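These protein sequences, in sequence, are chains D and L.
One point on numbering: in the numbering used here, the residue at position 93 of the first sequence is 93, and numbering is uninterrupted.
One point on numbering: in the numbering used here, the residue at position 41 of the second sequence is 1041, and numbering is uninterrupted.
Backbone N, C-alpha and C define an ideal beta-carbon position, used for all residues, glycine too.
Predicted model, so just to flag it, every value in this text is computed and none were measured.
2 protein chains.
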Amino acid sequence: MPEADIELIDMSVLEQVAPIIRNAAHPLRLRILDFLRQSDAPRNVTDIVAACEAEQAFVSQQLRILKDQGILVSKRTGSFVYYQVANRAIFHLIDCIRSQQRCG
Amino acid sequence: MPEADIELIDMSVLEQVAPIIRNAAHPLRLRILDFLRQSDAPRNVTDIVAACEAEQAFVSQQLRILKDQGILVSKRTGSFVYYQVANRAIFHLIDCIRSQQRCG
DNA sequence: CAAGTATATCACAAGAACCCTATATCATGC
DNA sequence: GCATGATATAGGGTTCTTGTGATATACTTG
């Protein structure tokens, strides 16, 4: 019995994580995550918009998507809203892209 | 100048990798990749179908998608077609899910 | 409260992804 | 060549995603 001991990740787990990864895997959203990764601190929307070189409304929508997935959290301070990564595991993805970039 | 030295991943790189990650981030396709990861050897379609507990036609479609993205490669031997991962970097994703699974 | 800056939401049209069923192709052995 | 097992593709209804322009809300300052 050659492969009796193969244990696969539960489908329920895969169904749970797939949309999270899928939602991160968008150029602008990866840019946002990369920016937060490199900043290593919460950043407000204006700064994120500047880093993304995209429309404010569009960036705001992407932030919402990342927040809805639990990838980001936000807190308001005065008229600014600061975003940061909720679960640093997502940085593995960014780091992985960075490391691949060299081999490309 | 607090952040003069932040260097972000090129948008062109993000645009290139996003669809690859996005296409991997699907429950059944993750299952396929996990199965290939755990097998650590090329597997034929019949075996993959069994591991996925899904319709053959559907699995075959998913294999095609993964192949089109360059995530998998295949080779035919007689009437069997064996698939394997083309770039082991994708296993980081699987490993990451496995490690997260514990913290859940 | 008026004006300005910061951020979020709405609505929508185009396109893409999803998953199913049916059917086609390919290879083998008789 | 035919039957069979292995794999791939086609067609299509439904739902999700994308990016945009317009607009709304929130906060601050005077």
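Tell me whether Arg43(D) sits in a helix, a strand or coil according to DSSP, three-state version.
-> Reading the first sequence from its first residue, position 43 is the one you call residue 43(D). In the displayed model, Arg43(D) falls within a strand according to three-state DSSP.
Is the shortest distance between the beta-carbon of Ile1006(L) and the beta-carbons of chain D less than 9 Å?
-> Position 6 of the second sequence, counting from 1, holds the residue named residue 1006(L). Taking 9 Å as the CB threshold, Ile1006(L) lines the interface with chain D.
Helix, strand or coil: how does DSSP classify Ser1099(L) here?
-> Residue numbering aside, residue 1099(L) sits at position 99 when the second sequence is read from its first letter. In the structure shown, Ser1099(L) sits in a helix (DSSP, three-state: H, G or I).
Grouping DSSP H, G and I as helix and E and B as strand, with all else coil, what is Ser1079(L)?
-> Here residue 1079(L) is taken as the residue at index 79 of the second sequence, counted from 1. The answer is coil: DSSP assigns Ser1079(L) none of H, G, I, E or B.
Can you give the Cα-Cα distance for Phe91(D) and Ala1018(L), rounded to whole angstroms?
-> As a working note, residue 91(D) is residue 91 in the first sequence. As a working note, residue 1018(L) is residue 18 in the second sequence. If you take the alpha carbons of Phe91(D) and Ala1018(L), they lie about 15 Å apart.
Beta-carbon proximity of Arg1064(L) to Leu14(D), cut-off 9 Å = Your numbering for residue 1064(L) matches position 64 in the second sequence. Your numbering for residue 14(D) matches position 14 in the first sequence. No.
Straight-line Cα distance separating Ile1097(L) from Ile20(D) = Position 20 of the first sequence, counting from 1, holds the residue named residue 20(D). Position 97 of the second sequence, counting from 1, holds the residue named residue 1097(L). Taking the straight line joining both Cα atoms gives about 11 Å.
Pull up the distance between the alpha-carbon of Met11(D) and that of Ala1041(L), whole angstroms please.
-> Counting from 1 along the first sequence, the entry for residue 11(D) is found at position 11. Counting from 1 along the second sequence, the entry for residue 1041(L) is found at position 41. Distance between the alpha carbons of Met11(D) and Ala1041(L): 21 Å.
Consult DSSP for Gln84(D) and reduce its assignment to one of helix, strand or coil.
-> As a first step, residue 84(D) must be located in the first sequence, where it is residue number 84. Gln84(D): strand per DSSP, three-state reduction.
Spell out whether any CB of chain L is found under 9 Å from the CB atom of Arg98(D).
-> For the purposes of this step, residue 98(D) is taken as the residue at position 98 of the first sequence. Interface residue, yes.
Are the beta-carbon atoms belonging to Val81(D) and Asn44(D) less than 9 Å from one another?
-> Your numbering for residue 81(D) matches position 81 in the first sequence. Your numbering for residue 44(D) matches position 44 in the first sequence. Their beta carbons are under 9 Å apart, which means Val81(D) touches Asn44(D) by this criterion.
One or two residues paired with Ser1074(L) in a DSSP bridge | As a working mapping, residue 1074(L) is identified with position 74 in the second sequence. Beta-bridge pairing links Ser1074(L) to Tyr1083(L).
Locate the alpha helix (DSSP H) running through Ile1021(L), then write down its first and last residues.
-> Sequence index remark: in the second sequence, residue 1021(L) carries index 21 (1-based). Taken as a continuous stretch (DSSP letters only), the alpha helix (DSSP H) holding Ile1021(L) covers 1011–1024.
At a Cβ threshold of 9 Å, is Val17(D) touching chain L?
-> Numbered from its first residue, the first sequence carries residue 17(D) at position 17. Interface flag for Val17(D) against chain L is set, since a Cβ pair is found closer than 9 Å.
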